[in-house]
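Residues in the sequence shown are numbered consecutively from 1, following UniProt numbering.
Beta carbons are placed, not taken as given, at the ideal position from N, Cα and C, and that holds for glycine.
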Amino acid sequence: MYKINDLLDLRHTIAARLFDGLEYPWEALPAIKGFILALGPTLPEDEFDHPSEDVWIAKDAKIFPSAYIGGPCIIDHGAEVRHCAFIRGSAIVGKNCVVGNSVELKNVVLFDNVQTPHYNYVGDSILGYRAHMGAGSITSNVKSDKTLVVVRCGAERFATGLKKFGAILGDNVEIGCNSVLNPGSVVGRRSSVYPTSSVRGVVPEDSIFKAPGDIVKRA
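Dropping the structure here:
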């Protein structure tokens with residue numbers, strides 16, 4: 001099973017300390033809200049605005065007037081939050097990220113240069129450096145039977161203890177348009193997922209996910 005440093009380059013996020021002492025990245029999900037509330041007040045006032053309660057936005061970020069930003073939330077330098085984006089709270093948006101038209105974020109960490117540009121739902125998830133969600137792709141963060149999420153890695157099963165857990169995307173992952181990442185999905189670094197896929201469990205790094213049972217190594 002991939003651990004934090006196998007998936008994520010912590011040099012590319014304002015939230016690096018969130019992962020201190022943890023082994024698997026999903027262990028950070030319950031702590032996102034508290035981390036933001038602790039970090040936000042320490043951010044330099046000459047670099048970050050504080051437009052509303054528990055919301056900190058870098059002065060050089062571009063926020064469209066129609067976007068909704070609920071706290072707690074940190075939006076880092078150079079990020080762009082576009083028309084009708086809905087940030088529900090407990091969200092860290094990294095440097096130069098794109099949160100696009102009608103995208104919804106909730107309890108997430110987007111590392112630097114992540115793109116969620118069109119009609120994405122990302123909840124209870126962590127997206128690594130330069131990860132990209134194709135138009136309409138989403139993270140499904142609650143199982144239909146409401147039981148706790150278990151990560152499947154081959155024959156192994158890893159109990160997370162979480163009722164809500166969407167996906168972990170490693171650095172430089174590409175998710176194809178209109179794909180669904182089912183609860184507890186973990187996609188290794190530099191892997192791609194075909195459009196309209198339904199992903200469950202662990203996708204190895206440097207792979208192409210074509211369909212369940214049809215995952216090939218990238219040439």
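Locate the alpha helix (DSSP H) running through residue i, then write down its first and last residues.
i: LYS33; result: 32–39
i: LEU169; result: No alpha helix (DSSP H) holds LEU169; the beta strand (DSSP E) holding it covers 167–169.
i: ASP6; result: 4–7
For residue i, is the classification buried or exposed, using 16 other Cβ atoms within 10 angstroms of its Cβ as the cut-off for buried?
i: ARG189; result: buried
i: SER102; result: exposed
i: LYS164; result: buried
i: THR139; result: buried
i: THR116; result: buried
i: GLY21; result: exposed
i: ALA131; result: buried
i: ILE170; result: The question names Ile, yet the displayed sequence has Gly at residue 170. With 16 or more Cβ atoms within 10 Å of its Cβ, GLY170 is classed as buried.
i: SER52; result: exposed
i: GLU156; result: exposed
i: LEU105; result: buried
i: ALA28; result: buried
Just the C-alpha distance for residue i and residue j, rounded to the nearest angstrom, thanks.
i: SER125; j: THR196; result: 19 Å
i: ALA91; j: CYS153; result: 27 Å
i: LEU10; j: ASP76; result: 15 Å
i: GLY100; j: ILE87; result: 11 Å
i: GLY107; j: ARG218; result: Correcting the residue identity first, residue 107 is Asn in this sequence and not Gly. Computed Cα separation, rounded: 31 Å.
i: LEU39; j: PRO65; result: 25 Å
i: TYR24; j: GLU205; result: 16 Å
i: TYR129; j: PHE158; result: 24 Å
i: LEU8; j: TYR2; result: 10 Å
i: PHE19; j: VAL216; result: 30 Å
i: GLY123; j: SER179; result: 15 Å
i: LEU43; j: GLU80; result: 19 Å
i: ALA211; j: VAL199; result: 8 Å
i: PHE48; j: SER191; result: 34 Å
i: ASP214; j: VAL187; result: 14 Å
i: ASP46; j: GLY134; result: 35 Å
With a threshold of 7 Å (Cβ to nearest heavy atom), would residue i be considered close to the ligand ADP?
i: GLU23; result: This structure simply doesn't include the ligand ADP, nor any ligand for that matter.
If residue i and residue j are in contact, beta carbons under 8 Å, what's the gap, nearest whole angstrom?
i: ASN120; j: PRO183; result: The Cβ separation is near 16 Å, so there is no contact.
i: GLY78; j: LYS95; result: 5 Å
i: SER185; j: GLY201; result: 7 Å
i: GLY166; j: LEU181; result: 6 Å
i: CYS84; j: VAL55; result: Not quite, the Cβ-Cβ distance comes to about 18 Å (not below 8 Å), so this is no contact.
i: ARG82; j: ALA67; result: 7 Å
i: ILE175; j: VAL193; result: 5 Å
i: CYS177; j: SER207; result: CYS177 to SER207, Cβ: 19 Å. No contact.
List the endpoints of the continuous beta strand (DSSP E) containing residue i.
i: ILE14; result: Here ILE14 belongs to no beta strand (DSSP E), and DSSP marks it neither H nor E.
i: PHE158; result: 156–159
i: LYS173; result: The question names Lys, but residue 173 in the sequence shown is Val. No beta strand (DSSP E) contains VAL173, which DSSP labels as neither H nor E.
i: residue 271; result: Here the chain comprises residues numbered 1 to 219, so residue 271 is not present and cannot be evaluated.
i: PHE48; result: 48–52
Exercise for the section: Could you pull out every unbroken beta strand (DSSP E) segment of at least 3 residues lying fully inside the stretch 92–153, listed in chain order? Expected result: Counting only runs of 3 or more, we get 98–101, 104–110, 115–118, 121–127, 150–153.
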